[in-house]
Amino acid sequence: MSIHHFPSGEKAPPTSTVAPSSDPVPVVPRRADYNSIHWKVPTILGSSFAIGVLGAIAHHAFYVAMHQKIVQENSLQRIVLTSGFALAFLVKVSLAVSTATAFTQCSWFSLRKDCVSVQRMDSLFGILGNPWEFCHLRLWLGHPILAFTAITTWLLPLSAIFTPPTMSIRPTIHESIEAIQVPQRDNNVGVRSHPTSADGSWMYLSDSALIGGLGNLNLATSTTLNVPLLAQSRNMSYTTAFSGPAFQCTEANDTIASYVIPATIDYQTVNNKSITWASWIPTPIFGPGMNASFFDGVTAIAESSITMGLEYPNDRLQIYHVKFVATNYTRTLPDGTRVPGGSYRVIECTLHNATYEVRFDLQSNGYQAITINRTLLNVLPLAKVLPQTTFSEDQATEVFNDIAFVQAYALYIADGLVTNVGSESVLINSSTLGRAIRVDDPFYMNFNQFTFALEQFFENITLSWRFGQLEGAVSMVVPDFSSSPTTNATIRQSVNALNYDPQMIILSYGLAIGLASICLICGVFAIYGNGASFSNNFSTILRTTRDKGFDSFIEGDECGGRILYRSAPRKSWFITYTERGRPPPQSWTTARGLGSLIRGDVERRGSTTTTV
Numbered sequence: 001m002s003i004h005h006f007p008s009g010e011k012a013p014p015t016s017t018v019a020p021s022s023d024p025v026p027v028v029p030r031r032a033d034y035n036s037i038h039w040k041v042p043t044i045l046g047s048s049f050a051i052g053v054l055g056a057i058a059h060h061a062f063y064v065a066m067h068q069k070i071v072q073e074n075s076l077q078r079i080v081l082t083s084g085f086a087l088a089f090l091v092k093v094s095l096a097v098s099t100a101t102a103f104t105q106c107s108w109f110s111l112r113k114d115c116v117s118v119q120r121m122d123s124l125f126g127i128l129g130n131p132w133e134f135c136h137l138r139l140w141l142g143h144p145i146l147a148f149t150a151i152t153t154w155l156l157p158l159s160a161i162f163t164p165p166t167m168s169i170r171p172t173i174h175e176s177i178e179a180i181q182v183p184q185r186d187n188n189v190g191v192r193s194h195p196t197s198a199d200g201s202w203m204y205l206s207d208s209a210l211i212g213g214l215g216n217l218n219l220a221t222s223t224t225l226n227v228p229l230l231a232q233s234r235n236m237s238y239t240t241a242f243s244g245p246a247f248q249c250t251e252a253n254d255t256i257a258s259y260v261i262p263a264t265i266d267y268q269t270v271n272n273k274s275i276t277w278a279s280w281i282p283t284p285i286f287g288p289g290m291n292a293s294f295f296d297g298v299t300a301i302a303e304s305s306i307t308m309g310l311e312y313p314n315d316r317l318q319i320y321h322v323k324f325v326a327t328n329y330t331r332t333l334p335d336g337t338r339v340p341g342g343s344y345r346v347i348e349c350t351l352h353n354a355t356y357e358v359r360f361d362l363q364s365n366g367y368q369a370i371t372i373n374r375t376l377l378n379v380l381p382l383a384k385v386l387p388q389t390t391f392s393e394d395q396a397t398e399v400f401n402d403i404a405f406v407q408a409y410a411l412y413i414a415d416g417l418v419t420n421v422g423s424e425s426v427l428i429n430s431s432t433l434g435r436a437i438r439v440d441d442p443f444y445m446n447f448n449q450f451t452f453a454l455e456q457f458f459e460n461i462t463l464s465w466r467f468g469q470l471e472g473a474v475s476m477v478v479p480d481f482s483s484s485p486t487t488n489a490t491i492r493q494s495v496n497a498l499n500y501d502p503q504m505i506i507l508s509y510g511l512a513i514g515l516a517s518i519c520l521i522c523g524v525f526a527i528y529g530n531g532a533s534f535s536n537n538f539s540t541i542l543r544t545t546r547d548k549g550f551d552s553f554i555e556g557d558e559c560g561g562r563i564l565y566r567s568a569p570r571k572s573w574f575i576t577y578t579e580r581g582r583p584p585p586q587s588w589t590t591a592r593g594l595g596s597l598i599r600g601d602v603e604r605r606g607s608t609t610t611t612v
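Now the structure itself:
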């Protein structure tokens with residue numbers, strides 16, 4: 001290393017003249033086989049970068065593993081957050097060591113290439129510990145690679161600020177699968193007792209007031225009665241399957257419509273009032289040739305006390321409806337009343353055997369959602385007398401239960417005649433089926449919605465009886481649940497869980513590793529350009545400044561707190577590398593002038609005897 005100085009105001013000697021120092025020049029022995037790129041610096045450069053990258057990957061993987069972990073104790077929270085800070089610190093330190101090492105190599109490469117003043121040399125050696133050295137803008141603008149590596153080293157700690165907060169604790173819905181026992185009433189749980197006849201046959205005694213009351217509640221609420229919540233205060237969902245009766249309601253064929261609709265119009269003509277909705281169970285007079293008197297009989301049956309004891313055919317049970325379906329308003333009466341336009345349509349509801357697959361979604365606040373997927377099987381016949389030789393008691397109970405359900409259904413659905421929206425009818429007061437009667441209802445049902453509502457009402461009775469909590473709902477003795485089959489349920493509950501948001505950590509670490517990798521590449525090129533590797537320690541300073549010529553510049557200046565170049569304010573000092581016997585760069589000599597040259601020694605790769 002050579003130090004050049006010239007007093008202020010003196011002219012520099014000719015560029016072809018170099019005044020050597022009078023001090024003796026030490027002779028360095030030949031080291032032909034010596035490799036001055038020591039393994040330590042490249043190892044620190046590469047291993048620190050690798051540790052930083054692996055630490056970033058480990059940090060991300062650790063947070064991914066902890067994502068959605070339920071925090072039941074504060075200790076887990078402390079462990080996770082502390083580990084995150086530790087990994088972030090490891091990444092920051094490792095990458096900073098790598099970039100700082102790269103900066104050191106680039107610094108010595110610049111010293112070898114250019115002549116640098118002592119003032120700027122102080123900035124190069126102090127920048128990693130004092131950010132105020134960035135104020136020497138001319139130095140850093142003239143050495144962009146040095147500026148880049150130094151700035152990167154200072155900015156890397158920011159990654160430790162942005163990465164740990166990516167793991168937080170938030171309320172979340174936790175799902176788990178648990179085996180639960182679903183209480184239910186099986187098909188063989190009788191709604192009431194049934195006697196035997198003289199020949200020992202099972203007999204259906206009469207309708208069930210319990211099921212009748214249940215139907216009334218279902219009609220009023222338009223839903224299934226509450227199902228027990230089996231998971232304490234947790235939300236849950238599960239699916240169960242069973243067999244039971246079901247109604248299928250479709251539009252009747254043209255043959256039936258050909259004698260129902262004319263009778264409806266005849267009733268309107270005779271009585272001077274329109275039928276809004278009429279429903280009935282077929283009687284012997286139901287068929288071709290029926291007229292207005294048929295509907296008078298429907299009204300009488302619906303109003304009589306024998307409604308619940310109607311006789312049903314043994315082959316198949318059907319309930320018919322004729323309903324005026326409004327499509328628009330065609331005219332307005334003088335009093336301002338709008339008359340709807342539309343047509344009469346006939347509906348046929350048939351009783352079937354069916355299989356049910358029911359999904360229950362139950363919440364702790366009492367809300368429940370029930371999804372029914374049913375498969376219709378054969379038409380279900382009904383009989384009030386069953387021989388013991390063919391039917392066991394359980395089988396007879398199942399058949400009689402179906403009759404009780406049908407009678408409760410018919411009590412409200414086969415409700416006789418509704419001639420106008422002001423008629424007193426249970427159906428009019430229903431929150432769902434009433435919308436099919438009140439044409440002025442903004443939620444007026446169309447034909448398909450109406451047939452679906454008819455089917456759903458019977459499903460609600462069936463499900464309420466099988467799974468519902470009936471205590472307090474009806475003033476009757478309610479049979480207990482008869483069985484509790486096991487099924488898998490999805491339990492949902494609100495818990496505090498660790499939540500990992502990876503965007504910030506990926507962005508932060510990605511940017512830090514990207515900048516550090518550029519610094520690493522610069523450091524590697526600087527090492528090979530120098531032909532030597534340098535450590536940023538005092539040994540390197542001693543190795544590169546073994547020249548007694550320095551004593552004349554700092555004689556008597558023993559205060560370590562004072563900057564060296566300020567101790568001689570009338571001189572400008574510059575430092576450069578020169579090989580033995582070679583003068584400083586011509587460009588520098590011409591621009592600055594050259595005073596004395598002081599030689600030291602340093603190991604240079606590929607030289608027999610090397611000097612600085």
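Here full-length UniProt numbering is used: the first residue of the sequence shown is 1, the next is one more, and so on. Glycine included, every Cβ here is placed at the ideal spot set by N, Cα and C.
Note on Asp199: under 16 other CB atoms within 10 angstroms of its CB, so exposed under the neighbour-count rule. Between Ser494 and Pro171 a beta carbon distance of about 6 Å is seen, short of the 8 Å cut, so the two are scored as contacting. When rounded, the separation of the alpha-carbon atoms in Arg138 and Thr149 is 16 Å. Contact between the segment 397-414 and the segment 198-215 is present: 3 or more CB-CB pairs across the two stretches fall below 8 Å. Within the same chain, Cβ atoms closer than 7 Å to the Cβ of Gly55 are found at Leu87, Leu90, Val91 and Ser94, the five residues on either side in sequence being excluded.
Around the beta carbon of Pro245, a 10 Å sphere encloses 16 or more other beta carbons of the protein chains shown; the residue is thus reported as buried. Out of Arg185, Ile513 and Glu133, the CA that lies nearest to the CA of Glu398 is found in Arg185.
Around the CB of Asp402, 16 or more other CB atoms lie within 10 Å, so the residue is classed as buried. Counting other Cβ atoms within 10 Å of its Cβ, Glu459 reaches 16 or more and is therefore classed as buried.
Judged by DSSP secondary structure, Thr224 falls outside any alpha helix (DSSP H); it is assigned neither H nor E. With respect to the 8 Å criterion, Tyr267 and Phe295 are classified as neighbours on the basis of their beta carbons. Ile177: member of the beta strand (DSSP E) spanning Met167 to Gln181, first to last residue. Within its own chain, the residues whose Cβ lies closer than 6 Å to the Cβ of Ala252, once the five positions on either side in sequence are excluded, are Val346 and Glu348, listed in chain order. Distance from the CA atom of Pro157 to the CA atom of Asn226, rounded to whole angstroms, is 59 Å.
Under the 8 Å Cβ criterion, the segment 519-527 counts as touching the segment 99-111, having at least three qualifying pairs.
The residue among His60, Ala453, Phe447 and Ile70 with its C-alpha nearest the C-alpha of Val325 is Phe447.
Taking the CA atoms as reference points, His38 sits about 45 Å from His67.
Cβ-Cβ distances below 7 Å link Leu376 to Ala246, Gln248, His352 and Ala354 in the same chain, with the five nearest sequence neighbours on each side left out; the list follows chain order. Its chain contains Ala102, Cys106, Ile145 and Thr149 as the residues whose beta carbon lies nearer than 7 Å to that of Cys522, once the 5 sequence neighbours on both sides are disregarded; these appear in chain order.
DSSP lists no bridge partner for Glu133. Relative to Thr269, the option among Ala278, Ser293 and Thr283 whose CA is nearest is Ser293. For Phe360, the pairing in a beta bridge is given by DSSP as Tyr238 and Ile370. Nearest Cα to Ala497 within the set Glu393, Met167, Ile161 and Ser83: Met167. Taking C-alpha positions only, Leu380 is separated from Leu317 by approximately 7 Å.
In terms of Cα proximity to Phe400, the closest of Ala65, Gln181, Trp202 and Gly510 is Trp202.
For Asn499, the enclosing beta strand (DSSP E) begins and ends at Thr486 to Tyr500. Taking C-beta atoms under 8 Å as the contact rule, Tyr509 and Ser159 qualify, at a distance of about 6 Å. Between the alpha carbons of Glu175 and Thr390 lies a distance of about 49 Å. Linking Thr487 to Leu511 through their CA atoms gives a straight-line distance of about 51 Å.
Counting the other Cβ atoms within 10 Å of the Cβ of Val322 gives 16 or more, which makes it buried.
Pairing Ser392 with Gln181 gives a Cβ-Cβ distance that is not under 8 Å. If you look at Ala278, you'll find it in the beta strand (DSSP E) that goes Trp277 to Trp280.
No residue range can be given for Asn272, since it is assigned to no alpha helix (DSSP H) and is classified by DSSP as neither H nor E. From the listed residues Leu81, Lys40 and Leu386, the smallest Cα separation to His60 is found for Leu81. The distance from the Cβ of Ile169 to that of Val64 is about 16 Å, inconsistent with a contact at the 8 Å cut-off. Taking Phe452 as reference, the option from Ser464, Arg374 and Asn188 with the minimal CA-CA separation is Arg374.
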